[in-house]
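Q:
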Amino acid sequence: MVRLEAVTKSYAHPGRGRLIALDEVRLDIARGSVHGIAGFSGAGKSTLLRSINLLERPDSGAVLVNGEDLTTLPERLLRERRRRVGMIFQEFNLLSNRTVVENVELPLRLAKTRKSQRRERALAALASVGLSEKALGYPERLSGGQKQRVGIARALVNEPDILLCDEATSALDPRTTDEILELLRGINEERGITIVVVTHEVHVINALCDRVSVMEKGRVVENFALGTPIAPQSSISRYLFGQADRPSRGWQVISDAQ
Ligand SMILES: Nc1ncnc2c1ncn2[C@@H]1O[C@H](COP(=O)(O)OP(=O)(O)O)[C@@H](O)[C@H]1O
Ligand SMILES: [Mg+2]
1 MVRLEAVTKS YAHPGRGRLI ALDEVRLDIA RGSVHGIAGF SGAGKSTLLR
51 SINLLERPDS GAVLVNGEDL TTLPERLLRE RRRRVGMIFQ EFNLLSNRTV
101 VENVELPLRL AKTRKSQRRE RALAALASVG LSEKALGYPE RLSGGQKQRV
151 GIARALVNEP DILLCDEATS ALDPRTTDEI LELLRGINEE RGITIVVVTH
201 EVHVINALCD RVSVMEKGRV VENFALGTPI APQSSISRYL FGQADRPSRG
251 WQVISDAQ
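Note that the UniProt record's numbering numbers the sequence shown so that position 234 is 234, with each residue one more than the last.
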């Protein structure tokens with residue numbers, strides 16, 4: 001579904017040379033899976049996520065989605081492909097001067113969907129996240145969990161194949177976090193949408209993911225699949241997942257550092 005091949009991305013930091021945010025990252029994300037990207041702040045998780053729809057263009061390497069290398073596409077085709085990818089954020093990124101339903105309609109406007117269809121589809125997306133009755137209100141009146149539901153409705157309104165989540169529950173309390181994780185799991189199971197979840201919280205991984213790649217300093221250092229428990233090998237994974245005799249939900253190493 002998604003394959004990153006030797007993706008490298010660096011940023012110029014004035015006076016300190018270039019900082020390598022992604023260092024020849026290789027990654028495979030299976031169709032229909034929920035794939036976690038875990039690691040501490042600054043590991044490169046957001047940069048990796050944003051490179052999947054080329055919001056961040058790699059310096060080198062290939063980003064394959066359904067076998068097609070996005071880095072070689074002309075801008076017009078790239079815009080089209082991006083519509084197949086939804087994204088949600090920690091800060092929700094809703095427009096405060098637009099109603100809830102207008103926020104959800106935005107991707108349809110960008111896709112030049114006919115006006116007559118826009119409202120209908122946005123309302124259907126809101127219904128699917130349980131927020132129909134808030135459609136004509138403004139985002140500022142909503143709780144954090146409700147705002148993220150609007151974010152999810154907006155991400156789903158174009159019926160994407162892939163949903164990218166960047167710390168989507170990090171601003172929410174534990175109970176609301178679990179509600180949103182359950183909603184995402186349902187979306188994955190019912191619609192078969194591939195979900196990529198960036199997080200620094202092991203709870204999110206345990207509650208949601210089929211697989212997880214652990215990042216450190218711009219590299220994927222370990223990949224795990226849900227399965228029989230064996231010890232995480234890298235120190236970062238041990239820190240995130242606990243000791244071998246106390247595996248959080250039976251994670252199994254499927255490949256070591258590249
Ligand atoms: N637009 C940018 N300009 C300069 N440096 C950046 C930019 N985006 C990210 N970085 C740097 O790249 C590294 C990885 O960042 P990021 O992908 O946001 O990590 P994470 O999401 O794991 O916290 C960090 O050191 C960060 O400061
Ligand atoms: Mg980040």
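Where a beta carbon is used, it is the ideal one built from N, C-alpha and C, also for glycine.
Since the structure is predicted, the reported quantities are computational estimates derived from the model, not experimental observations.
Is DSSP giving E189 helix, strand or coil here?
A: The answer is helix: DSSP assigns E189 an H, G or I state.
Q: Does the separation of the CB atoms of L22 and P74 fall below 8 Å?
A: No. Outside cutoff.
Q: Evaluate the contact criterion for the region 82-102 versus the region 141-161: three or more CB pairs, one atom per stretch, below 8 Å.
A: Because the criterion of three Cβ pairs below 8 Å is met, the region 82-102 and the region 141-161 touch.
Q: Less than 8 Å between the CB atoms is what I'm expecting for S237 and E222, so what's the real figure, rounded?
A: That pair is a contact at about 5 Å.
Q: According to DSSP, is F92 helix, strand or coil?
A: Coil, per DSSP.
Q: Rounded to the nearest angstrom, what separates G61 and F224 at their Cα positions?
A: When rounded, the distance between both Cα atoms is 23 Å.
Q: Should D245 be labelled buried (16 or more other beta-carbon atoms within 10 Å of its own) or exposed?
A: Residue placement at D245 is flagged as unreliable, the pLDDT there being 43, under the threshold of 50; a coordinate-derived value is accordingly withheld.
Q: Any idea if H35 is buried or exposed, counting beta-carbon neighbours within 10 angstroms, 16 or more meaning buried?
A: H35 should be labelled buried.
Q: Mark K147 as exposed unless 16 or more other C-beta atoms lie within 10 angstroms of its C-beta, in which case mark it buried.
A: By the 10 Å Cβ count, K147 comes out buried.
Q: Could you check where the alpha helix (DSSP H) with R119 kicks off and where it finishes?
A: Per DSSP, R119 belongs to the alpha helix (DSSP H) from 115-128.
Q: Say whether the region 177-185 touches the region 204-217, bearing in mind that this needs 3 or more beta-carbon pairs closer than 8 Å, one atom from each stretch.
A: With a cut-off of 8 Å, the region 204-217 and the region 177-185 count as touching, because enough Cβ pairs lie within range.
Q: Buried or exposed: where does E105 fall if 16 or more other Cβ atoms within 10 Å of its Cβ makes it buried?
A: Classification for E105: buried.
Q: Is it true that the CB of V63 sits closer than 8 Å to the CB of V7?
A: Closer than 8 Å, so yes.
Q: List, from N- to C-terminal side, the alpha helix (DSSP H) runs of 4 residues or more that fit wholly inside the region 65-89.
A: If we require 4 residues or more, the alpha helix (DSSP H) runs fully inside the region 65-89 come out as 75-82.
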